[in-house]
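Chemist: For the record, the sequence lines run as chains A, B and C.
Counting along the first sequence from 1, when you hit position 17 you're at 17 in our numbering, and nothing is skipped either side.
Just so we're on the same page, our numbering is the position in the second sequence counted from 1, plus 439.
Just so we're on the same page, our numbering is the position in the third sequence counted from 1, plus 878.
Yeah, the Cβ is synthetic: ideal placement off N, Cα and C, and Gly gets one too.
Dropping the structure in here first, questions after.
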Amino acid sequence: MNEAARLQPSADGTADIGGELHALVSRLFPICRSITGEGVRRTLAILSEHVDITVREVPSGAQVFDWTVPQEWTVRGAYVRAASGKVVVDLAASNLHLVGYSEPVARRMPLCELRTHIHTLPDQPDLIPYRTSYYSRNWGFCMAHRDYLALEDGEYDVFIDTTLADGALTYGEVFLPGETGREVLLTAHICHPSLANDNCSGLAVLARVARTLAARRIRFGYRFLFAPGTIGALCWLAGNEAGLSRIDHGLVVSCIGDGGGPVYKRSRRGDATIDRAMEAVRCDGREVTMRDFSPFGYDERQFCSPGFNLPVGLLQRSAFGTFPEYHTSADDLDFVRPEHLASSFRMIMDVVDILETDRIPLNLSPKGEPQLGRRGLYSATGGHTATSDITMAYLWVLNLADGSHCLLDIARRSGLPFSAIAAAATRLEACGLLGKSQA
Amino acid sequence: MNEAARLQPSADGTADIGGELHALVSRLFPICRSITGEGVRRTLAILSEHVDITVREVPSGAQVFDWTVPQEWTVRGAYVRAASGKVVVDLAASNLHLVGYSEPVARRMPLCELRTHIHTLPDQPDLIPYRTSYYSRNWGFCMAHRDYLALEDGEYDVFIDTTLADGALTYGEVFLPGETGREVLLTAHICHPSLANDNCSGLAVLARVARTLAARRIRFGYRFLFAPGTIGALCWLAGNEAGLSRIDHGLVVSCIGDGGGPVYKRSRRGDATIDRAMEAVRCDGREVTMRDFSPFGYDERQFCSPGFNLPVGLLQRSAFGTFPEYHTSADDLDFVRPEHLASSFRMIMDVVDILETDRIPLNLSPKGEPQLGRRGLYSATGGHTATSDITMAYLWVLNLADGSHCLLDIARRSGLPFSAIAAAATRLEACGLLGKSQA
Amino acid sequence: MNEAARLQPSADGTADIGGELHALVSRLFPICRSITGEGVRRTLAILSEHVDITVREVPSGAQVFDWTVPQEWTVRGAYVRAASGKVVVDLAASNLHLVGYSEPVARRMPLCELRTHIHTLPDQPDLIPYRTSYYSRNWGFCMAHRDYLALEDGEYDVFIDTTLADGALTYGEVFLPGETGREVLLTAHICHPSLANDNCSGLAVLARVARTLAARRIRFGYRFLFAPGTIGALCWLAGNEAGLSRIDHGLVVSCIGDGGGPVYKRSRRGDATIDRAMEAVRCDGREVTMRDFSPFGYDERQFCSPGFNLPVGLLQRSAFGTFPEYHTSADDLDFVRPEHLASSFRMIMDVVDILETDRIPLNLSPKGEPQLGRRGLYSATGGHTATSDITMAYLWVLNLADGSHCLLDIARRSGLPFSAIAAAATRLEACGLLGKSQA
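Set out below in structure tokens:
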């Protein structure tokens, strides 16, 4: 079924998957998100239109490992007005203008004082940066450096209408049960405001993956997590410690809608099955650039901390911090493209196919080659110079099906595509030449 | 004795080994061989003039693993005659003209029907290809594409005078007992008709190796197998399963008479002693190109199937399928040259020397260096800038003779030739500085 | 304390360490040393001005493993005088003129006989070579090839006023006890006559390292060995077998005063901590060129013989045998430079710092990242594109502090300098986030 689905993408309605994903990104983009608050709840509500999401709330003040869940941040408005009455910065124009978790302010101050609370990007003078101050009480504005330079001396009214009060941290979880008790974790951070690639793209693509898998028969259970960065992942980990041993594979997904990469950062283990699956997959025919684990990035930092060391890697198109639009107002709805969202979706579905399909085949006729010719698997005429990739796939699978190689191992060693190896294994199983071990 | 023999190649009559080998190839070339039949028997009879061969026959219909021994094929003649009376293809002109295992035919047919039974090489229009149809009853002719294009419309008389009947599969075996119960397997396929490199060359060289070793004191027993490809190897494996655990090293030899390569394909194990010995040997001073195992090729496919996984590699000059003469009428007596046959013979004898000589030396004076100077093994004058390769060989052997390195390991790590390391070990043993462990 | 000392090199009087080291080399240079005799004793006496050296003597004739301690060599003078009365070679002009361990001679002989006892360097006609004949009784002179060619036919008076008689082999040892029972071995050969780089430089630098460490609190005990090459090292090994298991790290130091390299030859083990520490250290900002072990060189040959296999490598600037001055009269006081001696000293002190500092940290908060921000170890403002090396060091240490990685491992895997990793670990320990395992 999976095979057929891949060959006929329109069969499950993925014909214009790119357009559909971009439309979803466009709905998520305007919401003013942070690590807590209504923005997260509204985002989860939209995603829930696609897949059945369980929304969980953890109260402010709860201890999660070395951390404390912060107060909930509510934002109603924020602007800076010159003495002339001209509004020089306004949250209504861009969610990025206000530093995340800014405390309430309503005060007149001279430019010199205001300046110490303004963040800009001198090297990218037209762009608004993205800044937060979650765990240190503060306030601030972000603006284009060009506008900042144009500020005239004088007094300014600063108005930040926010509340920091006990409430909750919100995250969403989807679980699609599989035939076995083993699980795959797929997660995207939900805490960034109007940044299209980082990470409306990840939220949209994973929600669509969940909807697609919900309609399939699956071997693994799939657990989708839409949670605020760091503190959200820690909340989930703290609440699910007992079940972590069920997770065989995991991916953190972010910045998945631009045309770069893809780039994959291996899990801390470095040789997990997910690491080798990402090596086998292609994106629009391109190989995935493989990077070794490092402890900076998204929530793989938490999943791969030494106390958990889960087999979780990070999948991106352009790697965070390497593209000029990163964490600026240029990460907008033009930066992510339908065709890139579609190819990212297909790549993740292909990885899922690999995880679902991978197994350890066992050659039931291991002494010499079995006679493929009488089963129609080998050319009846001998003497040709070259052999086909299909025949080579049969020969490789049979040769390495000694109980110590999975299909991913065989694909890697043979240099043949995983799909060719998997197809050969399926055919050989049908012929009774191959049995299955546990994957 | 081996040392002396190598230094004085004429001592055992190898002065014109190249000429002798080419003469033997020339006698084998005209015979019409297939996987069964008189061609194999006549070939074994000629090889028996050089070395004592035990001829074995396995009856048609015998089960060998997943296979059945086919009926014996007897061929008396085959031709195609145009309505004009002109014979357009004739087995008498080339053994390659008839598809191997063609069933008997005596029938007139129009050109359009005949064409479906003709094999050519459009890209090499002057050459006749080599084709077989062992396990699917069929018939056919191979011809030069240029001649094929010249066939005129009309009726043709097709006459194939063959018999497919119960009989036997024939193969030959030579066993030279050694001082230990361990064995080396050397094998060449005997089933190809008039192809000089593939594999009259392998048959001739291995027969000559057998004759040379028969006159030597040898540590290993050497088992030579001259058997039809695939089914012959399977017959031998099926009949000798109990003894396979005695095989420490093995080589499949084919296409050994041209001027390319040499190319060695490692055993499935990848790090067998034979794999490392081939890395240490030279052919006319050239290193051997090393390739990793793949499950396509000659009978290493059977020996390296997962149920056996024997330490057997494939040695060739030009690798099969990579030279334009491969499986065509251009693989003739001009393509194989006396000097290449001679250097291939010497290379195999050098590998045999390595296998015979390799051992795990044990330093009997392991604390500090022993005083080589008073044994005449070190320069009496100190202070020179460089040391000789001979001294370095002593120092390397002593340093690594801790019971966990064989001479091949020491040669590889030191970068010195195996022969230098072996000579140093022999000298150090004579001095009482080194004892031998089991190899 | 070590940290502070490194930041303020003048604090322990190392401000002009280069000048001080060159002055010491200059005092050692003129002494006529060999593997036994007064030259060694005078050298040890000078080194004793810097550090408390225990002088040990082993009697001639003593058996050490496969060797016998030779007779002691005393040299009073040596020259060759032409019939004209002109002295053509004189030990008084250069200690290199006399072949080491020359037996006494007082005889007139023709030039043709004299020539068989003269060593020159035809390719470096102005330089005197260095030659010895320790274990084979002989005599000889070394001279510039240009002077050798100018010798006129005729009779020559050869006068070598030496004694070979029972006495002792002398070596010096310094032991600085540490807090643990584990030891570091640092050794330089003391047997070469007037060769400044090989090895007055090694003697001077190690004596200065000993003096510096004598004033520090140290975890390891440091054992300094100033011994004649080969036979001296063997004497020490024979006398200290029971204690060898206490040696965790070791360095042989020679040719450490020129401007080349540095070059480090790994221990026979190849992955000893000292091997990885040398990979982490820098010399004037340059990486150390790493070479694999080979059994030719200095006394690492003895320490790394298979019966001991100690974790001892060889540290040099230019590798022996590779620079034109090697073992010639050009290895003089101009060839070694104060600045190179100083940078070599600092490099060895940095290696000592690594050995002293290396440990296996243990993350006490291993589930997720601990909250670095509230401890002032993380930027309060989030959203920046890049993170600092300091933050990365915290993250790497925490992530790999699982009890199976030492700081050297973490430095290697992170690509950050060892000093940055060590500083981060110290800070994290102070915060209570990290505990120490045994190194």
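Can you tell which of A/Tyr298, A/Gly250, A/Trp236 has its C-alpha closest to the C-alpha of A/Phe320?
Modeler: As a first step, residue 320 of chain A is located in the first sequence; it is residue number 320 there, counting from the start. Cα-wise, what sits closest to A/Phe320 is A/Tyr298.
Chemist: Tell me whether A/Met109 sits in a helix, a strand or coil according to DSSP, three-state version.
Modeler: Counting from one through the first sequence, the residue named residue 109 of chain A turns up at place 109. Strand at A/Met109.
Chemist: What three-state label does DSSP hand B/Pro667 in the structure shown?
Modeler: Mapped onto the second sequence, residue 667 of chain B falls at position 228. If DSSP states are grouped into helix, strand and coil, B/Pro667 belongs with coil.
Chemist: Quick check on the burial criterion: 16 or more other C-beta atoms within 10 angstroms. Buried or exposed for B/Glu459?
Modeler: Position 20 of the second sequence, counting from 1, holds the residue named residue 459 of chain B. By the neighbour-count rule (16 or more Cβ atoms within 10 Å), B/Glu459 is buried.
Chemist: Alpha helix (DSSP H) containing B/Asp789: first to last residue?
Modeler: Taking the second sequence and counting its residues from 1, the one referred to as residue 789 of chain B is at position 350. DSSP places B/Asp789 in the uninterrupted alpha helix (DSSP H) bounded by 777-796.
Chemist: Which residues in chain C sit within 9 Å of B/Met831, going by Cβ to Cβ distance?
Modeler: On the second sequence, position 392 is the one that residue 831 of chain B refers to. Within chain C, the residues near B/Met831 are Ser1172, Pro1173, Phe1174.
Chemist: For B/Ala677 and A/Ala242, I'd like the C-alpha separation in whole angstroms.
Modeler: Within the second sequence, numbered from 1, the residue matching residue 677 of chain B stands at position 238. Within the first sequence, numbered from 1, the residue matching residue 242 of chain A stands at position 242. Cα to Cα, B/Ala677 sits roughly 53 Å from A/Ala242.
Chemist: Under 7 Å Cβ to Cβ from C/Leu1005, same chain only, skipping five residues before and after it: list those, please.
Modeler: The residue given as residue 1005 of chain C occupies position 127 in the third sequence. The beta carbon of C/Leu1005 is closer than 7 Å to those of Leu999, Ala1022, Thr1206, Ser1207, Ala1208 in its chain, skipping five residues each way along the sequence.
Chemist: Taking only the alpha-carbon atoms, compute the straight-line gap between C/Leu858 and A/Cys304 and give it to the nearest angstrom.
Modeler: Outside the modelled stretch of chain C, which goes from 879 to 1317, sits residue 858 of chain C, for which no answer is possible.
Chemist: Quick check: what's the CA-CA separation for B/Leu867 versus B/Tyr833?
Modeler: As a working note, residue 867 of chain B is residue 428 in the second sequence. As a working note, residue 833 of chain B is residue 394 in the second sequence. In this structure, the CA atom of B/Leu867 is about 7 Å from the CA atom of B/Tyr833.
Chemist: Output the boundary residues of the beta strand (DSSP E) element that contains A/Arg291.
Modeler: Position 291 of the first sequence, counted from the first residue, corresponds to residue 291 of chain A. Segment 289-291, the beta strand (DSSP E) holding A/Arg291.
Chemist: Could you check which residue in C/Ala1298, C/Ile1226, C/Gly1110, C/Gly1281 has the C-alpha nearest to that of C/Pro937?
Modeler: For the purposes of this step, residue 937 of chain C is identified with residue 59 of the third sequence, where counting begins at 1. Looking at the Cα atoms, C/Gly1110 is the closest of the given residues.
Chemist: So what's C/Asn880 in DSSP terms, helix, strand or just coil?
Modeler: Locating residue 880 of chain C in the third sequence gives position 2, counting from the first residue. Any answer about C/Asn880 is weak, because its pLDDT of 42 lies below 50 and its placement is not dependable; what the coordinates show is given next. Here C/Asn880 sits in helix by DSSP.
Chemist: Where does C/Thr1304 sit, in a helix, a strand or coil, going by DSSP?
Modeler: Within the third sequence, numbered from 1, the residue matching residue 1304 of chain C stands at position 426. Correct three-state label for C/Thr1304: helix.
Chemist: Could you tell me which chain B residues have their CB closer than 7 Å to the CB of C/Leu1188, listed as they occur along the chain?
Modeler: In the third sequence, residue 1188 of chain C corresponds to position 310, counting from 1. Near C/Leu1188 there are no residues of chain B at all, since even the closest Cβ is about 11 Å away, more than 7 Å.
Chemist: Please list the partners that A/Pro129 has in chain C, where partner means a Cβ-to-Cβ separation under 8 Å.
Modeler: Stepping through the first sequence from its first residue, residue 129 of chain A is reached at position 129. Going along chain C in sequence order, the residues near A/Pro129 (Cβ under 8 Å) are Gly1261.
Chemist: Only counting runs of 4 or more residues, tell me where the alpha helix (DSSP H) segments fall wholly within the region 146-213 of chain A, in order along the chain.
Modeler: none
Chemist: Output, in sequence order along the chain, the residues in the region 342-375 of chain A whose CB is closer than 8 Å to any CB in chain B.
Modeler: Asn363, Ser365, Pro366, Lys367, Gly368, Glu369, Pro370, Gln371, Gly373, Arg374
Chemist: By the 7 Å beta-carbon criterion, what residues does the region 927-944 of chain C contribute toward chain B?
Modeler: Phe943, Asp944
Chemist: Determine which residues share a DSSP beta bridge with C/Arg934 and list them.
Modeler: Reading the third sequence from its first residue, position 56 is the one you call residue 934 of chain C. Note: C/Arg934 sits in a beta bridge opposite C/Tyr1049.
Chemist: Grouping DSSP H, G and I as helix and E and B as strand, with all else coil, what is A/Ala233?
Modeler: Looking up residue 233 of chain A in the first sequence gives position 233. In this structure, A/Ala233 counts as helix in the three-state DSSP scheme.
Chemist: Does chain A have any CB closer than 7 Å to the CB of B/Tyr587?
Modeler: Here residue 587 of chain B refers to the residue found at position 148 of the second sequence. No, B/Tyr587 lies away from the interface with chain A (no Cβ there is under 7 Å from its Cβ).
Chemist: Report the residues of the region 237-269 of chain A with a CB closer than 9 Å to any CB of chain C, ordered along the chain.
Modeler: In summary, the residues of the region 237-269 of chain A whose CB is separated from some CB of chain C by less than 9 Å are Leu237, Ala238, Glu241, Arg268, in the order they occur in the chain.
Chemist: Just list the alpha helix (DSSP H) runs in the region 25-100 of chain A, keeping only unbroken ones of 4 residues or longer that don't cross its boundaries, in chain order.
Modeler: 38-47
Chemist: Use the C-beta contact count for B/Pro763: other C-beta atoms within 10 angstroms, 16 or more gives buried, fewer gives exposed.
Modeler: Position 324 of the second sequence, counted from the start, is the residue given in the question as residue 763 of chain B. Taking all protein chains shown into account, B/Pro763 has fewer than 16 neighbouring C-beta atoms within 10 Å of its C-beta and is therefore exposed.
Chemist: Please list, in chain order, the chain B residues whose beta carbon lies closer than 7 Å to that of C/Arg1179.
Modeler: Position 301 of the third sequence, counted from the start, is the residue given in the question as residue 1179 of chain C. Those are Glu808, listed as they occur along chain B.
Chemist: Looking at the unbroken alpha helix (DSSP H) that takes in A/Asn363, where does it start and where does it end?
Modeler: For the purposes of this step, residue 363 of chain A is taken as the residue at position 363 of the first sequence. Counting along the chain, A/Asn363 falls outside any alpha helix (DSSP H), though it belongs to the beta strand (DSSP E) covering 360-363.
Chemist: In the region 1270-1288 of chain C, which residues sit with their C-beta less than 8 Å from some C-beta in chain A, listed in chain order?
Modeler: Met1270, Leu1273, Trp1274, Leu1276, Asn1277, Leu1278, Ala1279, Asp1280
Chemist: Nearest chain A C-beta to C/Ala1208 closer than 7 Å, yes or no?
Modeler: Here residue 1208 of chain C is taken as the residue at index 330 of the third sequence, counted from 1. Not a single C-beta of chain A is nearer than 7 Å to the C-beta of C/Ala1208.
Chemist: With DSSP run on the structure shown, which of helix, strand or coil describes C/Gly1180?
Modeler: Here the question's residue 1180 of chain C lines up with position 302 in the third sequence. A quick correction: the sequence has Gln, not Gly, at residue 1180 of chain C. C/Gln1180 falls in the helix class under three-state DSSP.
Chemist: How would you write the range of the alpha helix (DSSP H) that A/Ile274 sits in, first residue to last?
Modeler: Along the first sequence, read from residue 1 onward, the residue named residue 274 of chain A stands at position 274. Residue range 273-280 is occupied by the alpha helix (DSSP H) that includes A/Ile274.
Chemist: Considering only DSSP beta bridges, list what A/Phe141 is partnered with.
Modeler: As a working note, residue 141 of chain A is residue 141 in the first sequence. DSSP output for A/Phe141 lists A/Leu98, A/Ile118 as bridge partner(s).
Chemist: Among B/Asp848, B/Gly539, B/Val528, whose alpha-carbon lies nearest the alpha-carbon of B/Ala716?
Modeler: Looking up residue 716 of chain B in the second sequence gives position 277. Closest option to B/Ala716, Cα to Cα, is B/Asp848.
Chemist: Mark C/Val1131 as exposed unless 16 or more other C-beta atoms lie within 10 angstroms of its C-beta, in which case mark it buried.
Modeler: In the third sequence, counting from the first residue as 1, residue 1131 of chain C sits at position 253. Classification for C/Val1131: buried.
Chemist: I'd like to know whether the C-beta atoms of C/Gly1139 and C/Gln1180 end up nearer to each other than 7 Å.
Modeler: Residue 1139 of chain C sits at position 261 when you count from the first residue of the third sequence. Residue 1180 of chain C sits at position 302 when you count from the first residue of the third sequence. Not closer than 7 Å, so no.
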